[in-house]
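Visitor: Structure below; questions to follow.
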């Protein structure tokens, strides 16, 4: 092979370029711009998000962008604009929407699809972009604004931060194009782990964001942005040009809220109750504090987390009992004998332990939650769990499934510390336990936030809330929770009749409390959308906790009220053919490294973060040699070897993403798994591949037999799996009927996994993120 040397003068680096970066005349990434326009009226914001894509290549392109939205936002419309075409998206069941999108690409038509992967993580794919072509997609959403201590907060996330992915990799095609492999704990990990740009990467996405504030009759005293430099013009706030998508946008508006009942005239209500001026009676508490010390908590976050945890310990009195658990891949605590009395000596010992905590390892959150639940037990005291973390985990559903029931029996408070915090997950945890979620985006905000947290951890003012007066539709009222000092109660629901409501509860002193609120009819479609989103989120959390029979209700509610959820998707398909067939090149847009994150001091000890720093790890191409050339030119050494991200970066036995030494769960701490459910996800993946085979392949069937034999051994022996494995291992022998063996394997695996096998049968038990 002839190797041609290049003169150094012909290979000068581009100014301000990062490691592994390449600049072309049209740029090298498809996402050109993100424009956010928010109209805030009272405690509701209407937002339009427009994403501009351009194909910088000489072949047709499919662009994928994984991005965040506010976790309580209701996405109610989707539109694609290309050339002279405007195509409105249609909300459909997720599998059907994907089928329509894929068919359009095969037929050479332009299409776009928007999907929800987490309450605050979404994916947009735009397919069959022509060379040099620009396409924009627009999302319309409504979101309620949290209000506490005289200020409403408009928080708009701008980056999906790297998440820790626990569990063992599973076989089968990846669910998405991200850098982490799908695992048994996070079966859609590849959908929520976009590649991360290396620091210094040129040509960032052009960001514009404006928020216009209408106080809606309230006295607006102040507008304040905590993480960005803004320009004010009247009641409109705009980001200064040149900002990057690397941290949340946060705007706080100071005004006095009031108790109100809004009726939209279409059967939906929104209730706001300002807390009464009552004294909160302090009762003895059992409190467990969990402090996240994982690698993503490095830098200012670890300093702030230690201070926050120490302040929480200082709020305890000698009548309380407490425990402190610090965790990464292991759990440590200053006491080894359960809950301790909150004496001065014990509190001092706990604070000393906290002062020695440094960031390291992976965020194995499930085990410390289990230990905390065990410590709190069924005590007759007020049971409180406080979690201090950035929440950057991918196994949210697993945590809710295995710990959600126990957490709902106690008060759970979450303190989220990050400039790109996983607010959706922390809000879900706090909601389960009728507690509060406080977000701290900077050290400057810590003192004010801790003052609020101090009051939240105390006993609520009013508990056991109920509504009387309105004829509400059963099962539609969002979680009532409790009334805390400084935090208005926000409730949405559907009603049949009525114009007033009485809120009743039990004050902390043990006396009955009630307040009557008269309704006002308002012309606000956002009320209906905000209710639908909150209702869907509660149903999805119950689904994650094991109530899988709710799926049809979730889909029906989403389609009826036109609000996107995890079981549906918006799809926009052009009727015009623009290409010969499917896109020739596929790109997943890398995201910015979150502001304030620090690489661990010893990079080899943190493979999970380093793997996600390969900017072009997930480029794909159908053209032979094209993908390899793009990987070599754009990613450089960062996209090769054991730390390369993406499903094609290595084999199942490699060290991709969070499977390095510190990020793996110690084998000794993993519970034994003997039931068939422990390998069900692998069996479903094998079944999917069998059904997708266009022709019987004896070698594939023989390999499948060896894999099933290994799974049977893992389970300690399984008669049906072992028998099927023996039959398949002989598939490549003379005289074997490969097609008969394939059909037999489908029959057996279908019975073992409980999935539907008949043509056109519903996919009720197949993971919704893999449906086609």
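Residue numbers (the working numbering): -3 to 768. In this text, a Cβ means the ideal position worked out from N, Cα and C, and glycines have one as well. Quantities reported herein were computed from a predicted structural model and do not represent experimental measurements.
Span of the beta strand (DSSP E) holding residue 37?
Guide: Segment 27 to 37, the beta strand (DSSP E) holding residue 37.
Visitor: Could you check if residue 654 is buried or exposed, using at least 16 other CB atoms within 10 Å of its CB as the buried criterion?
Guide: Bear in mind that a pLDDT of 33 at residue 654, under 50, signals an unreliable position, so the model cannot answer this.
Visitor: By how many angstroms is the C-alpha of residue 240 removed from the C-alpha of residue 200?
Guide: 7 angstroms
Visitor: Throw me the rounded Cβ distance for the residue 674 and residue 711 pair, which I believe falls under 8 angstroms.
Guide: 7 angstroms
Visitor: Whose C-beta lies closer than 7 angstroms to the C-beta of residue 576 among residues of the same chain, with five residues either side of it excluded?
Guide: 104
Visitor: Check for me: the alpha helix (DSSP H) holding residue 749 runs from which residue to which?
Guide: 734 to 749
Visitor: Taking only three categories from DSSP, how would you classify residue 342?
Guide: helix
Visitor: With residue 61 as the anchor, note down where its alpha helix (DSSP H) starts and where it stops.
Guide: Per DSSP, residue 61 belongs to no alpha helix (DSSP H); it is in the beta strand (DSSP E), 57 to 64.
Visitor: Counting Cβ pairs, one atom from each stretch, are 3 or more of them under 8 angstroms apart for the stretch 557 to 577 and the stretch 396 to 414?
Guide: no
Visitor: I need the straight-line Cα distance from residue 392 to residue 366, nearest angstrom please.
Guide: 14 angstroms
Visitor: Any idea if residue 100 is buried or exposed, counting beta-carbon neighbours within 10 angstroms, 16 or more meaning buried?
Guide: buried
Visitor: So, at 6 angstroms on beta carbons, what are the nonlocal neighbours of residue 345 in its own chain, with the 5 sequence-adjacent residues on each side left out?
Guide: 330
Visitor: Does the beta-carbon of residue 544 have 16 or more other beta-carbons within 10 angstroms, so that it is buried, or is it exposed?
Guide: exposed
Visitor: Of the residues 134, 57, 352, 550, which one's Cα is nearest the Cα of residue 289?
Guide: 352
Visitor: When DSSP labels each residue in this structure, what does residue 725 get in the three-state scheme?
Guide: helix
Visitor: As a quick exercise: from 714, 73, 705, pick the residue whose alpha carbon is nearest that of residue 672.
Guide: Nearest option by C-alpha distance: 714.
Visitor: Here's the rule I'm using: 16 or more other beta-carbon atoms within 10 Å means buried, otherwise exposed. How should residue 519 be labelled?
Guide: exposed
Visitor: Could you compute how far the alpha carbon of residue 687 sits from the alpha carbon of residue 717?
Guide: 18 angstroms
Visitor: By DSSP, does residue 616 sit in helix, in strand, or in coil?
Guide: Confidence at residue 616 is low in this model, with a pLDDT of 33, below 50, so the placement of that residue is unreliable and no value is reported for it.
Visitor: For residue 435 versus residue 455, is the C-beta spacing smaller than 8 angstroms?
Guide: Cβ atoms of residue 435 and residue 455: not closer than 8 angstroms.
Visitor: Quick one: what does DSSP say residue 504 is sitting in, helix, strand or coil?
Guide: Correct three-state label for residue 504: coil.
Visitor: Which term fits residue 493, buried or exposed, when burial requires 16 or more other beta carbons within 10 angstroms of its beta carbon?
Guide: exposed
Visitor: What's the call for residue 695, buried or exposed, on a 16-neighbour Cβ count within 10 Å?
Guide: Residue 695 should be labelled exposed.
Visitor: Span of the alpha helix (DSSP H) holding residue 554?
Guide: 547 to 557
Visitor: Once you ignore the five residues that flank residue 328 on each side, which residues in its own chain have a CB closer than 6 angstroms to its CB?
Guide: Taking residue 328 as the centre and dropping the five residues before and after it, the same chain places the C-beta of 322 closer than 6 angstroms to its C-beta, in chain order.
Visitor: Out of 35, 26, 73, which one is the CA nearest neighbour of residue 564?
Guide: 73
Visitor: Do residue 69 and residue 567 have their CB atoms nearer than 8 angstroms?
Guide: no
Visitor: Can the beta-carbon of residue 335 be found less than 8 angstroms from the beta-carbon of residue 371?
Guide: yes
Visitor: Where does residue 274 fall in DSSP's three states?
Guide: coil
Visitor: Could you give the residue range of the alpha helix (DSSP H) that holds residue 446?
Guide: 442 to 453
Visitor: Can you tell me the Cβ-Cβ gap for residue 174 and residue 188, rounded? I've got them flagged as a contact below 8 angstroms.
Guide: Their Cβ separation, rounded to whole angstroms, is 7 angstroms, which keeps residue 174 and residue 188 in contact under 8 angstroms.
Visitor: With 16 other CB atoms within 10 Å as the buried threshold, where does residue 132 fall?
Guide: buried
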